[in-house]
Structure formats: C-alpha cells, structure tokens
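Asks: Dropping the structure in here first, questions after.
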Amino acid sequence: MGAGIPLAKGAIVPDDVSRHGMWSSRWLFVLAATGSAVGLGNIWKFPYITGENGGGAFVVVYLLCIAAIGIPIMMAEVMLGRSGRQSPINTMRSLIRESGGHRSWSVIGWMGVLAGVLILSFYAVIAGWAVFYVFRLASGVFEGVDGSQSSALFGEFLSNPWAVLLWQTLFMVATIVIVARGVARGLEVAVRWLMPILLLLLVGLVGYAAVYGDFGQGFAFLFSFDASRLTWDGTLTAMGHAFFTLSLGMGAIMAYGAYMPSQASISTTVVTIGVLDTVVALAAGLAIFPIVFVEGLVPGAGPGLMFETLPVAFGNLPFGAVLGTIFFLLVSFAAITSAISLTEPALAFLVEEYNAKRWRVAISLGAVCWLLGIGTVLSFNVWADAKLFGLTFFDLVDYVSGKIMLPLGGLLIALFAGWVLNRRIADEQLGFEGLRREVWDLVIRFVAPLGVLVVFGYTIYQSFG
Ligand code: TRP
Numbered sequence: 001m002g003a004g005i006p007l008a009k010g011a012i013v014p015d016d017v018s019r020h021g022m023w024s025s026r027w028l029f030v031l032a033a034t035g036s037a038v039g040l041g042n043i044w045k046f047p048y049i050t051g052e053n054g055g056g057a058f059v060v061v062y063l064l065c066i067a068a069i070g071i072p073i074m075m076a077e078v079m080l081g082r083s084g085r086q087s088p089i090n091t092m093r094s095l096i097r098e099s100g101g102h103r104s105w106s107v108i109g110w111m112g113v114l115a116g117v118l119i120l121s122f123y124a125v126i127a128g129w130a131v132f133y134v135f136r137l138a139s140g141v142f143e144g145v146d147g148s149q150s151s152a153l154f155g156e157f158l159s160n161p162w163a164v165l166l167w168q169t170l171f172m173v174a175t176i177v178i179v180a181r182g183v184a185r186g187l188e189v190a191v192r193w194l195m196p197i198l199l200l201l202l203v204g205l206v207g208y209a210a211v212y213g214d215f216g217q218g219f220a221f222l223f224s225f226d227a228s229r230l231t232w233d234g235t236l237t238a239m240g241h242a243f244f245t246l247s248l249g250m251g252a253i254m255a256y257g258a259y260m261p262s263q264a265s266i267s268t269t270v271v272t273i274g275v276l277d278t279v280v281a282l283a284a285g286l287a288i289f290p291i292v293f294v295e296g297l298v299p300g301a302g303p304g305l306m307f308e309t310l311p312v313a314f315g316n317l318p319f320g321a322v323l324g325t326i327f328f329l330l331v332s333f334a335a336i337t338s339a340i341s342l343t344e345p346a347l348a349f350l351v352e353e354y355n356a357k358r359w360r361v362a363i364s365l366g367a368v369c370w371l372l373g374i375g376t377v378l379s380f381n382v383w384a385d386a387k388l389f390g391l392t393f394f395d396l397v398d399y400v401s402g403k404i405m406l407p408l409g410g411l412l413i414a415l416f417a418g419w420v421l422n423r424r425i426a427d428e429q430l431g432f433e434g435l436r437r438e439v440w441d442l443v444i445r446f447v448a449p450l451g452v453l454v455v456f457g458y459t460i461y462q463s464f465g
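Residue 200 in my numbering sits at position 200 of the sequence shown, with consecutive numbering throughout.
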C-alpha cells in the first residue's frame, strides 16, 4: 500500500492508520473491545448456564478455557487486524499475499461477516426484551409477584409478535445510529460513556445483593469447586461460551484491532480485556444468585433466569423496582456496545469494496439484520411449532452461528496465525522473544487449535453421529 490511502479531504493516511478511523488511545481500544465482549453473554447467558451446570466446577472449566483458548485467539485476532488495518476480509487478503498462503484462507473473513449478520439478527431481539424490561420493572408490575405470575408476564409478552418486533426495531435503530456515525463520533462516544456507567451500575447491584441477598450462598454456588459436578457436556458448553463471551471467531475483534494504535502491547491489552470480561461475568453472577437464593428461587431456570426468575426477586425486595430498572438498563447498555461490534466486519468491508458512505452501508446492513431477526421474533409465537431438525428458526440461527461458525472461525484464525502468517509480522506485532515466543508458538499452534477441535468435533459428533 506504500503511498497510503487518499481520503476525501485529500489527506494522505500513513500505513499504520486505518481509513475507517482509529481509537484515540490504547485505553479506548480496551473500552471498545471490553464493550464488545461484555454483553448478553455475560449477564444473561453466563449466570444461567452456570446455574444449569451446577456452579463452581463449571466456572473453573470456563476460566481455563478463557485462559488457554480465548486469550490466545483474541491475541491472534488483534495481531491480524492491526497488521492489516482493513476489514477482516481485506486484512486476510493482504496477509495471505504477504505470507504466501493459499487464497482460501480468506474464508475466515467471509464467514465472519455472515456470522456477524446472523448473530446480530437474534441478538437484537433478545436485547429488545431487555430494553422492554427496563420499562416493565420501572412500572412496578412485578411488585409482590410469584414465580408463576412472572412467567405468565414473560410468556404474554413473547406471544405478541408486534410487541417483540417493536423493541427489536428500537434496539436495531439505536445500534445503526451509533455505527453510522463512525469510529470516533459513534463507537468511541458510546463506549466512553456507557462502559463506565455499566461498571458503576454493576458495583451498585453487587452491593445491593450483598446487603439484601443471601450473599454467602450465592458466593458458594459460584465458587465452591465440586469435581463430581463436572460433566463432559458442561465442559463443552464452557468452551463454546468462552468464544461467545470474548466476541471471538468472526472477526469483530480483528476489525477493532485494525483501529488499535501501533505502539500498544497486544498481550497486556488482551489480558486486560479478558480479565475485565471475566470479572463482569462473575460480578453478574454475584449480583443475581444471592437475590435468587434469598427469595428461595432456583438457579437452574435456564434462559428464563433473567426474565422470569430475577423479576420475582426484585418484585419482593426493598427498592426492588428501582434496582430492577437499573439492572435491565445495565443489560441494555452492555448489549448495545456488543451489537455495534457485530456490524463492524461487514460494514468496513462494504465501505472498502464499494467506496460507499458509511451511513448508507450501516442502514442497508441494519435492514438485512432486522429482516432476518423477524424470523427470531416469530420463533417465540407464530412459528413456535415450525421446526427444522427439531429446532425453531431462532435455535437454528443460534446453533449454526454459535456452535459451528464461531468455533470453526476461531480454529482457522489460530491455525492461520500459528502456521501460515509471515514470521516477521507476528514478531513485530507481538514483540515476543526467547521463551515467551516459544510459549506463544506452542499455544497458538497446538493448545488453542486442539482445544477448539475437541469442542467442535464433539458438537459435530453429537449432531450428526
Ligand atoms: N460477546 C458478546 C456477549 O457476550 C456478544 C458478541 C459481540 C459476540 N460481538 C461478538 C459474539 C462477536 C461472537 C462474536 O454478549
């Protein structure tokens, strides 16, 4: 690219800057990537799968997966993105050229774009539920309700496709407005405000759970290790979730990495993001389980934990309506800073490919995700019985993107970074020498890919075997 990329204003951008813009500091990259990582995965999914898989033992496996598979693959994504400085598809194309790899490695970029669209289509629907629950908690309808009344309220909402559609649409519009404004005026502004608020709200909620909940029991549930509760199934769920929660496998972090300043250390930055994401997930557990237990509710309620079980707790505790409103506000903020990252690979690619205006691309992409999302909206009512392989439209999209495309993407990213990528590029980006360099090679070539292969192999075996 020697000469750099001419911008509309006639300025010339040097090679270490992306045409889409740059994070204004290393810290903004940390906020943005943490914003991507921290989402429904941490607050909605992590507590309920921990509940379903028996607590402490599951948490230990999950932490191992984050450390041994998640962190290395995240480092690989950031490294690839930062050396390419373009959308994941074009970044892969130029790295393949520089490394002498086979053209077909660019499937990493293509599959990522598709996975992003699929995930966002249902992510916006569930995030829409959370936004609705901000208002629902504030209205006080949960005052004094019991479990069956709360389930009925949730069921009544889901059974009305127009209501679900309304909130999905609202969430989608908000997402598109942010991404259309670009990296500096959209993404950065959103994470700069929302992430600190989110962390504050979370601390407040954990404090509340400590005062009004059964904190001891909640804590013990999350952290007491009981090896007998370890299952093979739980292990696989933990590994799959490590991908989802760190936003890995589809190029979102690669796209964000393309806007990261060159001087910042990839390893320290990625470890910070991984730790923050984990802390938020555990804190969400510490905010939720103590109040679930103090009300005598069960932790293993599944996906309904947040929308059915939790409102019962809030409905019966002091200041519950206020705290419940704050809780769902927190979930909504976390969801939107994740949703914006799901669009970035496709968005950046379309801007590059057609030299199109970012806002035009954002609107078109948003429209596609919104339309696809209608399938998910209907999966909970009108199409609830329309099943393929026993799965609803939503289950199918969730399964194909989360259990197939993300692990496959992650596996290919690790293999490309470990075996194909030009050595010089990796050394330059990571700055590893001696023992650290050898450990890195071992992890990215063997540990991470084999870990993913185990999950992936088992998933395929379970589905088709
Ligand atoms: N990590 C987010 C969560 O935990 C979801 C998410 C955002 C995501 N971007 C992603 C998942 C990219 C996979 C790939 O809710």
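Glycine included, every Cβ here is placed at the ideal spot set by N, Cα and C.
Given a cut-off of 7 Å, decide if I71 and I413 are closer than it, judged by their beta-carbon atoms.
Replies: Not a contact, by the Cβ cut-off of 7 Å.
Asks: Any chance the stretch 322-330 sits against the stretch 180-193, with 3 or more Cβ pairs inside 8 Å?
Replies: Contact between the stretch 322-330 and the stretch 180-193 is absent, because fewer than three Cβ pairs lie under 8 Å.
Asks: If we count Cβ pairs, one from each stretch, closer than 8 Å, do we get three or more for the stretch 118-129 versus the stretch 275-289?
Replies: Contact fails: fewer than three Cβ-Cβ distances are below 8 Å.
Asks: Quick test of your reading: L297 and T278, contact by CB under 8 Å. State the CB separation rounded to the nearest angstrom.
Replies: Incorrect: roughly 25 Å between the Cβ atoms, too far for contact.
Asks: Closest by CA to F497, which one among M405, S379 and P407?
Replies: Because the chain spans 1 through 465 in this model, residue 497 falls outside it and cannot be assessed.
Asks: Count the C-beta pairs between the stretch 262-269 and the stretch 19-31 that are closer than 8 Å, then say yes if the count reaches three, no if not.
Replies: Contact between the stretch 262-269 and the stretch 19-31 is present, because at least three Cβ pairs lie under 8 Å.
Asks: Would the beta-carbon of P47 fall within 7 Å of that of I288?
Replies: In contact: P47 and I288 (Cβ atoms closer than 7 Å).
Asks: So if DSSP puts L391 in a beta bridge, which residue, or which two residues, is it bridged to?
Replies: L391 is bridged to L388.
Asks: With a Cβ-Cβ cutoff of 7 Å, do I73 and A448 count as a contact?
Replies: The answer is yes: Cβ separation under 7 Å.
Asks: Would you call the stretch 48-62 in contact with the stretch 199-216, where contact means no fewer than 3 C-beta pairs closer than 8 Å?
Replies: These segments do not touch.
Asks: List the endpoints of the continuous alpha helix (DSSP H) containing R436.
Replies: Note, R436: alpha helix (DSSP H), G434 to L442.
Asks: Sorry if obvious, but does the Cβ on T337 come closer than 6 Å to a heavy atom of the ligand TRP?
Replies: For the ligand TRP, not one heavy atom lies less than 6 Å from the Cβ of T337.
Asks: In chain order, which continuous runs of the alpha helix (DSSP H) of length 4 or greater are located wholly inside the stretch 4-86?
Replies: Qualifying alpha helix (DSSP H) stretches, in chain order: 26-37, 46-52, 56-65 and 71-84.
Asks: Would F307 pass as a contact of F154 if the rule is Cβ separation under 7 Å?
Replies: Yes, they are a contact pair.
Asks: Any heavy atom of the ligand TRP closer than 6 Å to the beta-carbon of T245?
Replies: T245: yes, Cβ under 6 Å from the ligand TRP.
Asks: By how many angstroms is the C-alpha of A348 removed from the C-alpha of G451?
Replies: Approximately 30 Å, taken between the alpha carbons.
Asks: What I want to know is whether the C-beta of S36 ends up closer than 6 Å to one or more non-hydrogen atoms of the ligand TRP.
Replies: Correct: S36 has its Cβ closer than 6 Å to the ligand TRP.
Asks: Of all the options A426, G434 and V361, which has the alpha carbon lying nearest to the alpha carbon of I176?
Replies: Measuring from the Cα of I176, the nearest candidate turns out to be V361.
Asks: So, at 6 Å on beta carbons, what are the nonlocal neighbours of G140 in its own chain, with the 5 sequence-adjacent residues on each side left out?
Replies: Cβ neighbours of G140 beyond the five flanking positions: A321.
Asks: Just checking G41 against the ligand COA - is the residue's beta carbon closer than 6 Å to any of the ligand's heavy atoms?
Replies: Among the ligands in the structure shown, the ligand COA does not appear; only the ligand TRP can be found there.
Asks: Run the proximity test for S341: is its beta-carbon closer than 6 Å to any non-hydrogen atom belonging to the ligand TRP?
Replies: Yes, the Cβ of S341 comes within 6 Å of a heavy atom of the ligand TRP.
Asks: Give the list of continuous alpha helix (DSSP H) stretches no shorter than 4 residues that lie fully inside the stretch 153-218.
Replies: Qualifying alpha helix (DSSP H) stretches, in chain order: 161-180 and 188-212.
Asks: Quick check: the stretch 196-206 against the stretch 149-163, are at least 3 beta-carbon pairs closer than 8 Å?
Replies: Result no; under three Cβ-Cβ pairs closer than 8 Å.
Asks: Which first and last residues belong to the alpha helix (DSSP H) in which A264 is found?
Replies: No alpha helix (DSSP H) holds A264; DSSP gives it neither H nor E.
Asks: Near S18, what residues of its chain come up, given a Cβ to Cβ distance below 6 Å and the 5 sequence neighbours on each side ignored?
Replies: Closer than 6 Å at Cβ, skipping near neighbours: R85, A258 and Y259.
Asks: In this structure, does DSSP put L406 in helix, strand or coil?
Replies: The answer is helix: DSSP assigns L406 an H, G or I state.
Asks: Is it the case that the stretch 406-424 contacts the stretch 238-245, given that we only count it when at least three CB pairs across the two stretches are under 8 Å?
Replies: Because the criterion of three Cβ pairs below 8 Å is met, the stretch 238-245 and the stretch 406-424 touch.
Asks: Could you please give the first and the last residue of the uninterrupted alpha helix (DSSP H) stretch that includes D233?
Replies: W232 to T245 is the extent of the alpha helix (DSSP H) around D233.
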